[in-house]
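**Student:** Protein chains in written order, with our numbering: chain A, 1291 to 1666; chain B, 1291 to 1666; chain C, 1291 to 1666; chain D, 1291 to 1666.
The C-beta atom is built at its ideal place from N, Cα and C for all residues, glycine as well.
Number of protein chains: 4
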Amino acid sequence: MSSAKTAANAQWGGRFATAPADIMQRINASIGFDRALWRQDIAGSRAHAAMLSHVGIISQADEAAIAAGLDQIAADIEAGTFPFDAALEDIHMNIEARLTERVGDAGGRLHTARSRNDQVATDVRLWVRDAIDGLQAQITDLMRALAMRAAEHAATPMPGFTHLQTAQPVTFGHHLLAYVEMLSRDRGRLADARRRLNESPLGSAALAGTSFPIDRDMTAAALGFDRPTANSLDAVSDRDFALEYLAAAAIAATHLSRFAEEMVIWCSTPYGFISLSDAFTTGSSIMPQKRNPDAAELVRAKTGRITGALVALLTVMKGLPLAYAKDMQEDKEPVFETTASLSLALAATAGMVRDLQPDAARLRQAGRQPGAGARG
Amino acid sequence: MSSAKTAANAQWGGRFATAPADIMQRINASIGFDRALWRQDIAGSRAHAAMLSHVGIISQADEAAIAAGLDQIAADIEAGTFPFDAALEDIHMNIEARLTERVGDAGGRLHTARSRNDQVATDVRLWVRDAIDGLQAQITDLMRALAMRAAEHAATPMPGFTHLQTAQPVTFGHHLLAYVEMLSRDRGRLADARRRLNESPLGSAALAGTSFPIDRDMTAAALGFDRPTANSLDAVSDRDFALEYLAAAAIAATHLSRFAEEMVIWCSTPYGFISLSDAFTTGSSIMPQKRNPDAAELVRAKTGRITGALVALLTVMKGLPLAYAKDMQEDKEPVFETTASLSLALAATAGMVRDLQPDAARLRQAGRQPGAGARG
Amino acid sequence: MSSAKTAANAQWGGRFATAPADIMQRINASIGFDRALWRQDIAGSRAHAAMLSHVGIISQADEAAIAAGLDQIAADIEAGTFPFDAALEDIHMNIEARLTERVGDAGGRLHTARSRNDQVATDVRLWVRDAIDGLQAQITDLMRALAMRAAEHAATPMPGFTHLQTAQPVTFGHHLLAYVEMLSRDRGRLADARRRLNESPLGSAALAGTSFPIDRDMTAAALGFDRPTANSLDAVSDRDFALEYLAAAAIAATHLSRFAEEMVIWCSTPYGFISLSDAFTTGSSIMPQKRNPDAAELVRAKTGRITGALVALLTVMKGLPLAYAKDMQEDKEPVFETTASLSLALAATAGMVRDLQPDAARLRQAGRQPGAGARG
Amino acid sequence: MSSAKTAANAQWGGRFATAPADIMQRINASIGFDRALWRQDIAGSRAHAAMLSHVGIISQADEAAIAAGLDQIAADIEAGTFPFDAALEDIHMNIEARLTERVGDAGGRLHTARSRNDQVATDVRLWVRDAIDGLQAQITDLMRALAMRAAEHAATPMPGFTHLQTAQPVTFGHHLLAYVEMLSRDRGRLADARRRLNESPLGSAALAGTSFPIDRDMTAAALGFDRPTANSLDAVSDRDFALEYLAAAAIAATHLSRFAEEMVIWCSTPYGFISLSDAFTTGSSIMPQKRNPDAAELVRAKTGRITGALVALLTVMKGLPLAYAKDMQEDKEPVFETTASLSLALAATAGMVRDLQPDAARLRQAGRQPGAGARG
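Written out as structure tokens, the structure is:
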């Protein structure tokens, strides 16, 4: 195989670049996924420019030009007209290059007293913080849905199970409220993670801070951080905020997988405890009476992807010397995919909770039956 | 929060659908990623149609129409003009619907004696088989690159390390050949996985086979399978071929992470054992003499994503009752991402092996120095 | 192979029981590891007995007999003279059976209004709480050790690295303090986990509470819990307190692995940044000058076991229906092993921090050298 | 906290050594678990001594003394009278020290042309090979049990499920045979792992081979290896044989977890498809009709520990430079625990397969019922 061409594998559609420049661009460029950080990147640059101007490192005119340029870039990205370029590697350089194109030298001065290392650490923290806020709203929504159905069925008897054997009678409402407890702890874990990550890395620069007379408190406050980080080496090389977020997500996903499993079992013919409408099931043309609880199964499965993302980042961070290493670029996809998966699983679960219809008669009857499995 | 609208979170760009139909389409549709299976899906359909015609279930005219329609669809997908539709959920239904549009009722008859369950099991097996073939070529390429550099440096002395302490002299060639051994086992593992997966699920239908007089040997042979699978329940619910593939990939990625770690350490100033050209390093405007081994760091990090993918699918499959469950739709992204990551890591490693320049003088000198760390 | 005998495999020392009673005892009995819960089990029983007597469910004489019996059992276990019996399955039944032997029917009455499900949930929470307290003391100790060495070397220059390339000068003290930050977050995570788990499951009974007029606040207070748990189904089936603990431990272990990696590299001959004394290194008879940083390597490796324990319990809990399932017995070994591994890794790291001697001259010189890896 | 005493934590029974010598012994010594390798270690030493004598490096008298000494040590260990000593760190040094005590200088000469690195690599390979042989016998036994019950119920109708919804009728025998297929692939994976690991590291010494005129083919043949390893650096630093073994075990455990889940569901009251006797269930004094399928639940849970062990070792090996590093000592516990867990899970599953009684009437009736979950 030649070392200087692209070898294609016709069958699986895979092809691997063998020209060094192609390989390097493909493994190194992150713009394919880190464009998700654009809002955070622009917010960080706005705050940085305002601070640079405030302390006199750049002029007010520069700041105004930068702010206007960033507004235009944000509008372009929002409108889908921004020309992302893989040769510019990542979202930070794409925005910075475009800014300089638009506003000239002022754009270049934005990078004063800042490095890509503290910039990306700031962006990812802001992104995770926003993701947490979004997920908290969804968890709260799911808790409300559960509580409403629990109130409705506060007196609907159902069998309580241990070992999936009928044990003692409980109510359908009591059972649903167990999940409200779990989700309440999930919310607490995410809130703790948010509080702990809420420090601003800006000013840490590449790893050793900067000799420019910057005001770290000002950028921290502008971005809603509680304070600047205390140690510059730590600030650019820490990804445990992402690990803590992924761990909280994995535990939450595990809770959802338990509820999803119960929905699958409860929908099963021999149980028939609940039914789900067409909205959350799929049918079969040859078995028209069959209603497959696809959404519940997919919620159950999402815990795999989220646990996998946690393991991925723990593996990446294992044994990395300080300070920044390029390995850390691999923090983003686990974080993005986990957020999308958990958000979707929460939405689907809340939808199913609102949709499900318990069969009170079967629940009552099942609570009366002796355990099976006994053999004379 | 209303249950019937899409709630947007302006900051992180996330938004979660709360209308049941939106949620269900988003969680259920796989066309966003399973379009990667299009070649395999079309090959499987061609083989199935030829068999149906051969045994007389469909007419030769139908088969000809189907084959022509599939050719046209393949051309459209290749050209990027195929209109993928998320409402049609997956690649199988997208292709089938388009086929029926083009060739009328014959398209509908293609689904005779086949279910989406055996169809997807076939497609994924074929995809993994193709991925293995592609990776085997890349592993072989990397082994050749290592062997060539080893031959070149068969007599270049370097310190052998244990505990990263200088232990006994070896040669640079000897060291590189250790990786040839590891890769040779990786190749063996992938070959074993390929052999074991090479059975055709077609004919298993939804889970219980079909009463149509199909010829399973014919479709198996047409698709390059060694034989049809033996048990229909197993055939549609087994994903251990994907697990075995992911496990082999994770071990290979671990090997690459070890070599990458060595490159990072060897490029470090105090070692200076090797240098990499600009092709595989990045520079810094403020530190022009600095050459960061980004490619090596990213190869080292990729083991995280691949290990995570293995954990993801093991988690998905844990405790799933037979036969098909929708959870198994979550097999694809781990498989696709692992293939892309490992392929890229192999290409980058081969590139670096060809590119690296050992500093023979420093290697020789380092082999002579006593171990550090001793303290009188 | 007969199904009614024990088949031995002479080579690997393995043997597998094939008599049902042997198999069942081996897979079911947990006394081999859950005896570690004895202190917590006795504390829980004392609190429960005092409450039962207080509300009049048992007599004061019974309570006194139970308390005396438990004291004696505690003394026997402490002295190593307690006759653990695998036929009694677990620590709870071992203690209860012994108590009844010693104090007669009063012992049996201890089980009133309590089930093994809420008992074990209480014991494990207490154990994790105690483990957290122990680890917090160790983390604090390590932070102090780092801070003391940092103070000592506040002005010792060393090269700051990114990508393991010399980037900008920092001080040895600054570098050590980065770990103080990481450990401070680890301490915060463990404190949050402790606060969240600190609710008493007692009174949840098997899954549905009890009709006895118990006082849950009294037992909660006696055991140092902040309050009783709110939902009985959740209380007996929740293990996310263990998951959160394991996740916090995995992140902490990852931090330690980074420091350990740095010690290994810094001790390496070409670096020679630090030396470790004989206390934390091992030698070699044939290479007397060689000092292997075994302790650092083992600390680095422990992150594997701890990450594995987290994955183990996430896998166990995935998809488990409510309420108690025997699967949850598999929570203990991951928790115990993680605690032992992390405690040992913290102790070894603190020891090495106190022991290490930086070579100020080499650190200074290395900070002056240009990055390697550049090629003409 | 003083750095020179042992600090005890009275509550959780934990205590952490703070005297360097205590810490080092505790983290470094592996005799607590690697004594499991004693048979393999003695076999390896016998083969090595015979070879040394054959090529004339030691005398025949020395060899005879060594062989007699090793016989005695084997007898002592078997009898439980061998004095294991933690100060001697590991099984290799325990045996070697004892041998020298018994047979004098000849014992010391056994270490000629061998290092602990190639010795431990050999021992672990032999142990894994023996473990595979034991597990293969158990898998075969389970396959036989399934096949026998399948033959017995070749015509017993039962509902086939997809999405846990009744789909199409199958037979109980057909369902059981799906697991025979899975286990057959598990057997294949273990056989491939055995074949691939079956090379002898002896002669690789610390990392660079030896200048003594040893006969590597002779030791390889004596220990049943197919050939010596090809590269000495690889031989002492490779642990992918253990990773491959753990991966095969994790896939097998996942299969068992699926069967266990089915047993739990099938034993559940609403299903009542099968019953298990008292041999594999536990009862409840207050609910005498209840039979908890504890053994099935524990089999289901064991997949957690085994998946965790795989992740543990993948994490350990990630990014380790060549050749031997002490991190690799952490390979043993994952391997030992996986073997014990999988062996027990296989035995319990085989026992349950032989024990279970299908309720043919309920199976037949369930096959006739329409899917639940439909809602008008």
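#1: Please report the straight-line C-alpha distance between ALA1498 (chain D) and ARG1485 (chain A), rounded to a whole angstrom.
#2: Could you check which residue in A:ASN1488, A:ALA1435, A:ASP1361 has the C-alpha nearest to that of ASP1413 (chain A)?
#3: May I ask you to report which of helix, strand or coil DSSP gives VAL1345 (chain D)?
#4: CB-CB under 8 Å to ALA1532 (chain A), same chain, minus the five flanking residues each way: which ones, in chain order?
#5: Give the residues of chain D in contact with ASN1318 (chain C), contact being defined as C-beta atoms less than 8 Å apart.
#6: With 7 Å set as the bound, which would you pick, yes or no: does the beta-carbon of LYS1608 (chain D) sit closer than that to a beta-carbon of chain A?
#7: Looking only at its own chain, which residues have a Cβ that is under 8 Å from the Cβ of LEU1653 (chain B), when we skip the five neighbours before and after it?
#8: For GLN1409 (chain A), go through chain C and note every residue whose CB falls closer than 7 Å to its CB, in chain order.
#9: Let me confirm a value: ALA1444 (chain C) is counted as buried when at least 16 other C-beta atoms fall within 10 Å, else exposed. Which label applies?
#10: MET1433 (chain D) touches chain B at which residues, Cβ-Cβ below 8 Å?
#11: State whether the segment 1515–1533 of chain B contacts the segment 1578–1594 of chain B, with contact taken as three or more CB pairs (one from each stretch) at a distance under 8 Å.
#12: Could you compute how far the alpha carbon of GLN1350 (chain D) sits from the alpha carbon of SER1494 (chain D)?
#13: Under three-state DSSP, which class holds ARG1658 (chain A)?
#14: Using only the heavy atoms of the ligand NAP, determine whether one of them is closer than 6 Å to the beta carbon of ILE1504 (chain B).
#15: For PHE1451 (chain A), which residues does DSSP report across the bridge?
#16: Note the first and the last residue of the continuous alpha helix (DSSP H) segment covering LYS1622 (chain D).
#17: Give the secondary structure of THR1572 (chain C) by DSSP, where H, G and I count as helix, E and B as strand, and everything else as coil.
#18: With H, G and I counted as helix, E and B as strand and the rest as coil, what does DSSP make of SER1474 (chain C)?
#19: In the segment 1442–1456 of chain D, which residues sit with their C-beta less than 8 Å from some C-beta in chain B, listed in chain order?
#20: Starting from ILE1363 (chain D), follow the alpha helix (DSSP H) in both directions and report where the run begins and ends.
#21: Roughly how many whole angstroms lie between the Cα atoms of TYR1614 (chain B) and LEU1523 (chain B)?
#22: What three-state label does DSSP hand ILE1504 (chain A) in the structure shown?
#23: Please identify, using Cβ separations under 8 Å, the residues of the segment 1478–1490 of chain C that lie next to chain A, in order along the chain.
#24: Nearest to SER1547 (chain D) by CA position, among B:ASP1476, B:LEU1454, B:LEU1610, B:ALA1637, is which residue?
#25: Short of 9 Å Cβ to Cβ, which residues in the segment 1559–1570 of chain C face chain B?
#26: Are three or more beta carbon pairs between the segment 1555–1573 of chain D and the segment 1424–1441 of chain A nearer than 8 Å?
#27: Consider the Cβ of LYS1580 (chain A): report whether some Cβ of chain D lies at a distance smaller than 7 Å.
#28: Within 10 angstroms of its Cβ, does GLU1391 (chain A) collect 16 or more other Cβ (buried), or is it exposed?
#29: So, helix, strand or coil for ILE1517 (chain B), using DSSP?
#30: Please look up how many angstroms separate the CB atoms of GLU1379 (chain C) and SER1320 (chain C), rounded, as I've assumed it's under 8 Å.
#31: Of all Cβ atoms in chain D, is any one closer than 7 Å to the Cβ of THR1605 (chain A)?
#32: Just checking: is the beta-carbon of VAL1460 (chain C) within a distance shorter than 7 Å of some beta-carbon in chain B?
#33: Starting from the beta carbon of THR1639 (chain C), find every residue of chain A whose beta carbon is closer than 7 Å, and list them in chain order.
#34: DSSP state of GLU1551 (chain B), grouped into three classes?
#35: If you draw a straight line from the C-alpha of GLY1346 (chain D) to the C-alpha of MET1472 (chain B), how long is it?
#36: For the alpha helix (DSSP H) holding ARG1399 (chain B), just list the boundary residues, first then last.
**Tutor:** A quick look at the data gives this:
#1: Sequence index remark: in the fourth sequence, residue 1498 (chain D) carries index 208 (1-based). Sequence index remark: in the first sequence, residue 1485 (chain A) carries index 195 (1-based). Cα to Cα, the separation comes out at about 52 Å.
#2: As a first step, residue 1413 (chain A) must be located in the first sequence, where it is residue number 123. That would be A:ASN1488, whose Cα lies nearest to the Cα of ASP1413 (chain A).
#3: On the fourth sequence, position 55 is the one that residue 1345 (chain D) refers to. Note: VAL1345 (chain D) maps to coil in three-state DSSP.
#4: Here residue 1532 (chain A) refers to the residue found at position 242 of the first sequence. Listed in chain order, the non-local C-beta contacts of ALA1532 (chain A) below 8 Å within the same chain comprise VAL1414, VAL1418, LEU1603, ASP1621, PRO1624, VAL1625, local neighbours out to five positions each way being set aside.
#5: Mapped onto the third sequence, residue 1318 (chain C) falls at position 28. Listed along chain D, the residues sitting closer than 8 Å to ASN1318 (chain C) by beta-carbon distance are THR1572, ASP1584, ALA1585, LEU1588.
#6: The sequence position of residue 1608 (chain D) within the fourth sequence is 318, counting from 1. Judged by the 7 Å Cβ criterion, LYS1608 (chain D) is in contact with chain A.
#7: Translated into the one-based positions of the second sequence, residue 1653 (chain B) becomes position 363. Taken in chain order, the residues that qualify are THR1446, PRO1447, MET1448, PRO1449, PHE1462, PHE1563.
#8: Position 119 of the first sequence holds residue 1409 (chain A). Under the 7 Å cutoff, chain C gives no residues; its nearest Cβ is about 14 Å from GLN1409 (chain A).
#9: Mapped onto the third sequence, residue 1444 (chain C) falls at position 154. The residue is exposed, with fewer than 16 neighbouring Cβ atoms inside 10 Å.
#10: Taking the first residue of the fourth sequence as position 1, residue 1433 (chain D) is located at position 143. Chain B residues near MET1433 (chain D): none, gap ~13 Å exceeds 8 Å.
#11: no
#12: Here residue 1350 (chain D) refers to the residue found at position 60 when the fourth sequence is read from its first residue. Here residue 1494 (chain D) refers to the residue found at position 204 when the fourth sequence is read from its first residue. So the two alpha carbons sit approximately 24 Å from each other.
#13: Counting from 1 along the first sequence, the entry for residue 1658 (chain A) is found at position 368. It is helical.
#14: Absence of the ligand NAP is noted for the structure shown, with no ligands found whatsoever.
#15: Within the first sequence, residue 1451 (chain A) is the residue found at index 161, counting from 1. Note: PHE1451 (chain A) sits in a beta bridge opposite A:THR1456.
#16: One-based indexing of the fourth sequence puts residue 1622 (chain D) at position 332. Run containing LYS1622 (chain D): 1622–1645, per the alpha helix (DSSP H) assignment.
#17: If you number the third sequence from 1, residue 1572 (chain C) lands on position 282. The answer is strand: DSSP assigns THR1572 (chain C) an E or B state.
#18: For the purposes of this step, residue 1474 (chain C) is taken as residue 184 along the third sequence, with counting starting at 1. SER1474 (chain C): helix per DSSP, three-state reduction.
#19: Those would be GLY1450, PHE1451, THR1452, HIS1453, LEU1454, in chain order.
#20: On the fourth sequence, position 73 is the one that residue 1363 (chain D) refers to. Bounds of the alpha helix (DSSP H) holding ILE1363 (chain D) are 1350–1369.
#21: Here the question's residue 1614 (chain B) lines up with position 324 in the second sequence. Here the question's residue 1523 (chain B) lines up with position 233 in the second sequence. C-alpha separation (whole angstroms): 8 Å.
#22: Position 214 of the first sequence, counted from the first residue, corresponds to residue 1504 (chain A). The answer is coil: DSSP assigns ILE1504 (chain A) none of H, G, I, E or B.
#23: GLY1478, ARG1479, ASP1482, ARG1486
#24: Here residue 1547 (chain D) refers to the residue found at position 257 when the fourth sequence is read from its first residue. Cα-wise, what sits closest to SER1547 (chain D) is B:LEU1610.
#25: THR1559, PRO1560, TYR1561, GLY1562, PHE1563, ILE1564, SER1565, LEU1566, SER1567, ASP1568
#26: Output reads no: the segment 1424–1441 of chain A does not touch the segment 1555–1573 of chain D.
#27: The residue given as residue 1580 (chain A) occupies position 290 in the first sequence. Yes - at least one Cβ of chain D is within 7 Å of the one on LYS1580 (chain A).
#28: For the purposes of this step, residue 1391 (chain A) is identified with residue 101 of the first sequence, where counting begins at 1. It counts as exposed.
#29: Stepping through the second sequence from its first residue, residue 1517 (chain B) is reached at position 227. For clarity, residue 1517 (chain B) is Arg in the given sequence; the question names Ile instead. Assignment of ARG1517 (chain B) by DSSP, reduced to helix, strand and coil, places it in the strand class.
#30: Walking along the third sequence from the start, residue 1379 (chain C) turns up at place 89. Walking along the third sequence from the start, residue 1320 (chain C) turns up at place 30. 7 Å between Cβ atoms; contact.
#31: Counting from one through the first sequence, the residue named residue 1605 (chain A) turns up at place 315. Yes - at least one Cβ of chain D is within 7 Å of the one on THR1605 (chain A).
#32: Counting from one through the third sequence, the residue named residue 1460 (chain C) turns up at place 170. It does not: the Cβ of VAL1460 (chain C) has no partner Cβ on chain B nearer than 7 Å.
#33: Here residue 1639 (chain C) refers to the residue found at position 349 when the third sequence is read from its first residue. Residues of chain A passing the Cβ test: none, with the nearest at roughly 14 Å.
#34: Mapped onto the second sequence, residue 1551 (chain B) falls at position 261. GLU1551 (chain B): helix per DSSP, three-state reduction.
#35: As a working mapping, residue 1346 (chain D) is identified with position 56 in the fourth sequence. As a working mapping, residue 1472 (chain B) is identified with position 182 in the second sequence. Answer to the nearest angstrom: the Cα atoms are 34 Å apart.
#36: Here residue 1399 (chain B) is taken as the residue at index 109 of the second sequence, counted from 1. Start and end: 1395–1399.
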